[in-house]
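>
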Amino acid sequence: MKAIGFKTSLPISSQESFIEFETPTPNPSGRDLLVKIQAVSVNPVDTKIRQNAAKDTVLENPKIIGWDAVGIVEAVGEEVSLFKVGDEVFYAGDITRAGSNAEYQLVDERIVGKKPTSLSIEASAAMPLTALTAWETLFDRMRLSSEKDKGKTLLIIGGAGGVGSIAIQLAKKLLGLTVIATASRPETIAWCKKMGADVVVNHKDLVNEVRQAGFHFVDFIYDAVDINGYWDAVVELIKPQGHINSITGSGTPILINKLKTKSVTFSWEFMYTRSSFQTEDMIEQHHILNRVSALLEEGTLISTHQNTLTGLSAETFEKAHAQLESGTTIGKLVVKY
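UniProt numbering applies: residue 1 is where the sequence shown begins, and numbers increase by one.
Structure below.
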């Protein structure tokens, strides 16, 4: 099968930041599905791994990345019970295994969902990783519910990005929260409002912007951009006994003791925890994706797909990563094979 990968971490401007190569098509066993991939979306995690996985070294075999995919089940392992050959599926995969930038991929059925039948391949490919990340944050990490939290305030730092876009929708449509999202450009402000944000503020002066919008404190804060860079503002804005969650972190320690006097809860979200550690509740991602699929089909949620590139080629993925690294992406960018 054809695949796209890299042997060393290079700037995206380098001609060999991605290479095309042939590799044997894998055979499924156990609970694995072999999926013929139709489209993938690109995420910040893709660029970070490309930049760091092979620094100052050359890998013997190219590394295949990519953690969002839509495709058709081609074959199944002997223990598979959730899917059959011919099923249309979507998933975000497992960061410890070969990714989706290839013609075929093996993926454990417990982290796979049914593709939304009414959505295009591109619109579906945009959703798995960001939907899982946002869902796990709001429901599993912060443990929010409409019964106890309806009407409370949620500040989302990075409202126009892939995760922020779906987090706004989930917070509004399923939880009934008052959502404050950050954005600074006219097009990103408009996008956040389209997703359902009640208020959009400029992240460049976060504390003053939130307070000028009428919120002295906020009940919950969801960082999807840079917890280190916004830490002092987050500490200032969080309500006593509130909850902060982040999906970012530069490696520099954050001063968690600044939250002590407010008795604030802080949590991390890493969407690959369940698959990486084969947790007992790993199948929850299957259930979440099926729930998201149903919500997309009925129109409660809308896809965050914005742009499409075409072709399984090194050139296509170079363009996609360059776009992501520009920091100007709104919603999700999809590569259709």
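Built from N, CA and C at the ideal position, the CB exists for glycine as well.
Which partner residues of Gln105 appear in the DSSP bridge assignment?
Val35
> Residues bridged to Asn307 by DSSP?
Answer is Leu333, bridged to Asn307.
> What number of angstroms, rounded off, separates the C-alpha of Asp68 from the C-alpha of Tyr91?
The straight-line gap from Cα to Cα measures roughly 6 angstroms.
> Out of curiosity, what's the CA-to-CA distance linking Gly162 and Glu78?
35 angstroms
> Count the CB pairs spanning the region 133 to 144 and the region 163 to 180 that are closer than 8 angstroms, and state whether there are at least three.
yes
> Between the alpha carbons of His287 and Asp281, how many angstroms are there, rounded?
Roughly 10 angstroms separates the two Cα atoms.
> If you drop the 5 nearest sequence neighbours on each side, which residues of the same chain put their C-beta closer than 6 angstroms to that of Tyr272?
Ile95
> Taking Cβ to Cβ, would you say Ala322 is nearer than 8 angstroms to Ile12?
yes
> Going by DSSP, what residue range makes up the alpha helix (DSSP H) through Ser275?
Thr273 to Ser276
> So, at 7 angstroms on beta carbons, what are the nonlocal neighbours of Ala320 in its own chain, with the 5 sequence-adjacent residues on each side left out?
Val42, Leu309, Leu333 and Val335
> Pick out whichever of Ala126, Ala134 and Ala39 has its Cα sitting closest to the Cα of Asn101.
Ala39
> Report the residue ranges of all alpha helix (DSSP H) runs contained in full by the region 158 to 230; include only those spanning at least 4 residues, in chain order.
162 to 173, 186 to 195 and 206 to 212
> Run the CB neighbour count on Ser267, radius 10 Å, all protein chains shown included, and call it buried at 16 or more, exposed below.
exposed
> Look up Glu78 in the DSSP assignment and say whether it is helix, strand or coil.
coil
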